[in-house]
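Below you'll find the structure, written out as structure tokens, and then a few comments.
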Amino acid sequence: MGSSTSKPATKALGSSTSEPAPEKTTLCLVPSPPLQSFPTPSVPDVEIEWSLPPEILEMILKKLPARDVVLCSAVATIWRRAVASELSLSRKVALERAWRFGDVEPKICYNHHLNTHCAAKSSSLVAMAGRHGIQLVDLNNQEMLLDHPRQDVGSVHSVGFFKHLLLAGNEEGLLFGWDVISKIRMVEMRVCEGPVFALVGFEGQIAVGGRSGYLAIISIDDQRPKTILHGHENRITCLAVEQEEKVLISGSWDKTVRVWDLTKDACIHVLRGHNDAVESLGVGGDTVISGSYDSSLCLWSLKSGACLSKLFPHAWCNLAIGSCNSHFFSGSYSREIKIWDSGGSFLRTLKTKGSCVRNGVWGDNERLVCVSALGDITEWDFSKAIH
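Numbering (numbering that gives the first Met the number 0), first residue to last: 0 to 386.
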């Protein structure tokens, strides 16, 4: 397990700590109005928050006149009191909401008004999680299948799917797993000290990433660490698996991407090309895609480890990456999704009116789906989105 190193190059405010984390500043956003009205319930004073890195918030505030900053703050306060209703009712209302925006009309968009740290998709199922707990939504039936509040699972930092299991890692190093069919909790175990920042399941095992470069392979049957992989020197932020090649890919705040041979439990490539923390990963065939806080997006050869292309698709950092067949997708704080072909050629941009695309973007042969920082789930027809 490597030791903590210096802070990534992100210009964060405040002093550095033993584990260099960009300080977060809370900014309340004002969502767009719904297409139709719903009864406003009696409202407790519940905060709806969205955390931004301080350098992004500073950039926004410098561009706004002082009068507009005060006005935005006042409107946001009124809005959050109006929509932050009793959670069960607001989620029900959110599932009934539909939005139309972007240059390609989305089929469905939900807004849960919940600060979402992470998300995952499997077929028609989308899981969203954060300080509030975890929810599982079926896009086909527009139905909430699971809803576990923070009291049950704590503050969740990572989610993922493995076969029939929904997996979640929380701030205390606990890993939970639910059967998505029976809704029964099948797994509960401690996998690391401190938060589980990233996880991915494969072949009866789960890879989990934590602070200070901690990266472990956990056996689901034995529910204990099988192997600890050493190499990263800072927080593990994202993980991906290429099943055919039997490799694990990891991204970290140490600005590197590592490729691990799962048959030998050994690192075979260290991919260096970003100038700041790596925040997102995708893999498609022989290509690995990584996104960083420095706004760069790199395409790598999985076999050779060579950098095939380095792009700067977004004005702000790349936070979500997905791939499908010969296409891949990137999302960022700029509330947009860019679509590329496998060679790195830009195809088109999809605009959203939700908050930043921070938690995930996925594509399959039917739909393109993204989840934003405030729990917006937007779905486009995949064939229309890529043409």
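Here a beta-carbon is modelled for each residue, glycine too, at the ideal position from N, C-alpha and C.
Predicted, not measured: the structure shown is a model, and the values here were computed from it.
- Contact annotation: the stretch 291 to 301 touches the stretch 270 to 281, with at least three C-beta pairs closer than 8 Å.
- Pairing residue 350 with residue 126, the inter-Cα distance amounts to about 22 Å.
- Across the structure, residue 246 and residue 132 are spaced so that their CA atoms are roughly 31 Å apart.
- Nearest in C-alpha terms to residue 154, of all of 174, 381, 122, is 174.
- For residue 367, same chain residues with a beta-carbon under 6 Å away, outside a window of 5 residues either side, are 379, 381, 384 in chain order.
- For the pair residue 172 and residue 186, the CB atoms are not nearer than the 8 Å cut-off.
- Less than 8 Å divides the Cβ of residue 233 from the Cβ of residue 212.
- C-alpha of residue 275 to C-alpha of residue 181: approximately 42 Å in a straight line.
- The C-beta of residue 218 has fewer than 16 other C-beta atoms within 10 Å across all chains shown, which makes the residue exposed.
- The distance from the Cβ of residue 359 to that of residue 128 is about 11 Å, inconsistent with a contact at the 8 Å cut-off.
- Taken in chain order, the whole beta strand (DSSP E) runs of length 3 or more contained in the stretch 148 to 190 are 155 to 161, 164 to 169, 173 to 178, 184 to 189.
- Restricting attention to 216, 210, 311, the CA atom closest to the CA of residue 260 is found in 216.
- Residue 276 carries a coil assignment under DSSP once its states are collapsed to helix, strand and coil.
- Between residue 166 and residue 198, the CB-CB gap stays under 8 Å.
- With respect to residue 179, residue 144 sits close: the two C-beta atoms are nearer than 8 Å.
- Judged by DSSP secondary structure, residue 384 falls outside any beta strand (DSSP E) and instead within the alpha helix (DSSP H) spanning 381 to 384.
- Judged by beta-carbon spacing, residue 258 lies beyond the 8 Å limit of residue 319, meaning their Cβ atoms are not closer than that value.
- Counting only unbroken stretches of 3 or more residues, the beta strand (DSSP E) elements lying wholly within the stretch 307 to 358 are 317 to 323, 326 to 331, 335 to 340, 345 to 350, in sequence order.
- Less than 8 Å divides the Cβ of residue 323 from the Cβ of residue 363.
- Spanning the alpha carbons of residue 130 and residue 375 requires a straight line of approximately 16 Å.
- Exposure of residue 229 is indicated by the presence of fewer than 16 other C-beta atoms within 10 angstroms of its C-beta.
- Collapsing the DSSP output to three states places residue 210 in a helix.
- Annotated three-state conformation of residue 219 is coil, per DSSP.
- A direct Cα-Cα distance of roughly 26 Å separates residue 116 from residue 270.
- Excluding residues up to 5 positions away in sequence, 177 lie with their Cβ nearer than 8 Å to the Cβ of residue 183 in the same chain.
- Burial of residue 296 is indicated by the presence of at least 16 other C-beta atoms within 10 angstroms of its C-beta.
- Secondary structure note for residue 134: its beta strand (DSSP E) is the uninterrupted segment 132 to 137.
- Excluding five sequence positions before and after residue 121, the CB atoms of its chain that fall closer than 7 Å to its own CB belong to 160, given in chain order.
- With respect to residue 301, residue 287 sits close: the two C-beta atoms are nearer than 8 Å.
- Taking residue 227 as the centre and dropping the five residues before and after it, the same chain places the C-beta of 215 closer than 6 Å to its C-beta, in chain order.
- When the five nearest sequence neighbours on each side are left out, the beta carbons in the same chain lying within less than 7 Å of the beta carbon of residue 244 are those of 301, in order along the chain.
- With 16 or more neighbouring CB atoms inside 10 Å of its own CB, residue 328 falls in the buried class.
- Cβ neighbours of residue 370 within its own chain (closer than 7 Å, five residues either side excluded): 115, 118, 125, 127, 358, 359, 376.
- Rounded to whole angstroms, the gap between the alpha carbons of residue 225 and residue 361 is 30 Å.
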